[in-house]
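>
Residue numbers (my numbering): 21 to 439.
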C-alpha cells in the first residue's frame, strides 16, 4: 500500500514511544518500579541498581513483554496507511488494541495509539465513514477490556469503568477534532478553487469582450477598405489606420491577460467607463455603422456614477455593439443613456435583422453577468414592432407598415446606490 514518506516523520516517533513505553509499563508495573527504586543499597549509576541494574531488565523482557511491545508498535506503524485507507486503518488499529487488552497485557501507550489513529482517520475520511469505523473499533476495544477483566483473578475492577469512559471520550474527541480540521481544509480548498474558477471566467470574459470586439471592428474595417480601395484611397487609408489602432489595443489587452495567466506581473490598466464611450462609438462608426447617441446624462452626473457601474455600462455597450457588427447587418444603431436619482439605464437598438436570442457562448450571458454584478437587470431580444432607429432603411419596409422584425434591443437598468 502506498504511503507518503513524510508520514514517517510522526509515525516512527509514535512507534518508538509506544514500543519503549509498553516495555516499561508491562515489564515494570507501578508497584514493582516503586519497590526497585526503594532498595536499601541505593542507586549506584545508570547500570548499577534500579530496574535496569543487576540483570533485572533482561529478566523482565520475557516473551510476553516483547509480544505486547510488538503489537503496540505494529498498531503505530499501521498509521502509515491512514492517508490512503483511513477507515481500514482505524479498524485494524482497533483490532490490535482489542487483542492487546484481551491477552491481559498491562495498560500503557496503547491507548495513545488508539486516540492518534482516531484523529488521523477523521482527518482523511468523511464523517460518516469515520463514524461507522470508530463505532466498530470502540466495541472491539471495550470488548478487550471486558475479556481482560474477566480473566483477572481479583475480579472486575471499578476503575475499568473509568478507564473505558476515558477511552471512549478521548477517542471520540480526537476524531471530532480531526473531522473539524478536515472540514476547514475542505472549505479552504473549495474557496481556492472557486477563486481560481472566478479568475478564469474573468480572464475569458475580458478576452472575449476586448479581443472579440477588436476583431469584429477589424473585420468590418477590412471590408470597408476593400470596398473603397480603388475609388476612394483616402477612405481606404482611414480604414487601415483604424485597423492598425484597433489591432494595437487588442494586442495590448491580450498581452496583459496572458501575462496574468502565466503568473507574471502585468500593468493594471484602468477599467474603461462612461468617459470611454465616445471612442467606442467612433470605432463602430468607422466600421460602417451609423451610431446615434442620445445622452441624457448631464456633465455633473458621471462623477457620481460608481466606477463599477460605469465599467458595466461600457462592457455591455461594447458587447451589444460588437454583436451589431457581427450578426445584425444593421446600418444604424441608437445608443441611449438615461439616469435618475437611483438608476442608470442603457439601451442599444439597431435596425438589423433581429433574430432569436442564443444563450450559448459568452456574449449575452456575459452581459447578464455584468448587470447582475452591480445589482442590475438586463433584457435582450428582437424588436417585433415599431419604427426602426433613424427611420426606415432604404429599400426596406416603411415605418408605417407592420414589421415582423425591427432589429435587436439590449436594455440594462443599473442601480446607482447600493451597487
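Cβ atoms here follow ideal geometry from the backbone N, Cα and C, with glycine treated the same way.
As the structure is a prediction and not an experimental result, all values here were calculated from the model.
(1) Please determine, among 221, 186, 277, the residue with the shortest C-alpha to C-alpha distance to residue 134.
(2) Answer yes or no: do residue 460 and residue 226 have a C-beta to C-beta separation smaller than 8 Å?
(3) When we look at the beta-carbon of residue 150 and count the other beta-carbons within 10 Å, is it buried (16 or more) or exposed?
(4) Pick from 267, 202, 132, 39: whose alpha carbon is nearest that of residue 91?
(5) Looking at C-alpha atoms only, which residue of 98, 332, 265 is the closest neighbour of residue 394?
(6) Would you identify the three-state DSSP class for residue 389, choosing helix, strand or coil?
(7) What number of angstroms, rounded off, separates the C-alpha of residue 310 from the C-alpha of residue 275?
(8) In terms of residue numbering, what span does the alpha helix (DSSP H) encompassing residue 130 cover?
(9) Does DSSP put residue 352 in a helix, in a strand, or in coil?
(10) Sort out for me which residues DSSP pairs residue 428 with in a bridge.
(11) What residue range does the alpha helix (DSSP H) around residue 92 cover?
(12) I'd like the span of the beta strand (DSSP E) that includes residue 32, first residue to last.
(13) Near residue 240, which residues of its chain fall below 7 Å by C-beta distance, leaving aside the five closest residues on each side in sequence?
(14) So is residue 212 buried or exposed if we call it buried at 16+ other beta carbons inside 10 Å?
(15) With distances taken between CB atoms, is the gap from residue 206 to residue 342 smaller than 8 Å?
(16) Reducing DSSP to helix, strand and coil, say where residue 359 ends up.
(17) Report the rounded CA-to-CA distance for residue 200 versus residue 143, giving the unit in angstroms.
(18) Decide yes or no for the touch test of the stretch 252-267 against the stretch 360-374: beta carbon pairs closer than 8 Å, at least 3 of them.
(19) Name the DSSP beta bridge partners of residue 365, please?
(20) Which of the three DSSP states, helix, strand or coil, is assigned to residue 57?
(21) Please say whether residue 164 and residue 119 have beta carbons closer to each other than 8 Å?
(22) Would you kindly report the start and end of the unbroken beta strand (DSSP E) that includes residue 296?
(23) In angstroms with no decimal places, state the Cα-to-Cα distance between residue 426 and residue 313.
(24) In the structure shown, what three-state DSSP assignment does residue 470 receive?
(25) Taking residue 355 as the reference, which of 215, 369, 100, 292 has the closest Cα?
(26) Less than 8 Å between the C-beta atoms of residue 96 and residue 34, yes or no?
(27) Just to check my reading of the structure: residue 168 and residue 216 have Cβ atoms closer than 8 Å, yes? What is that Cβ distance to the nearest angstrom?
(28) Using 10 angstroms around the beta-carbon of residue 110, count the other beta-carbons present and answer buried if the total reaches 16, otherwise exposed.
(29) Measure from the alpha carbon of residue 147 to the alpha carbon of each residue in 432, 178, 327, 202, then state which is nearest.
(30) With distances taken between CB atoms, is the gap from residue 364 to residue 297 smaller than 8 Å?
(31) If we ignore side chains and look at the alpha-carbon of each, how far apart do residue 158 and residue 280 end up?
(32) Following the continuous alpha helix (DSSP H) through residue 265, name the residue where it begins and the one where it ends.
(33) Suppose contacts are defined by Cβ-Cβ distances below 8 Å. Is residue 302 in contact with residue 390 by that definition?
Looking at the coordinates:
(1) 186
(2) Limits of the chain in this structure are 21 at one end and 439 at the other, which puts residue 460 out of reach.
(3) buried
(4) 39
(5) 332
(6) helix
(7) 31 Å
(8) 130-144
(9) strand
(10) 402
(11) 83-97
(12) That residue, residue 32, is in no beta strand (DSSP E); its alpha helix (DSSP H) goes 28-47.
(13) 307, 308, 345
(14) exposed
(15) no
(16) strand
(17) 8 Å
(18) no
(19) 358, 433
(20) The predicted position of residue 57 is uncertain, since its pLDDT is 41 and thus under 50; a value taken from the coordinates is nonetheless stated next. If DSSP states are grouped into helix, strand and coil, residue 57 belongs with the helices.
(21) yes
(22) From DSSP, residue 296 is part of no beta strand (DSSP E); its letter is neither H nor E.
(23) 19 Å
(24) No answer is possible for residue 470: the residues shown for the chain start at 21 and end at 439.
(25) 369
(26) yes
(27) With 8 Å as the limit, residue 168 and residue 216 do not qualify as a contact, their Cβ atoms being about 54 Å apart.
(28) buried
(29) 202
(30) no
(31) 53 Å
(32) 253-281
(33) no
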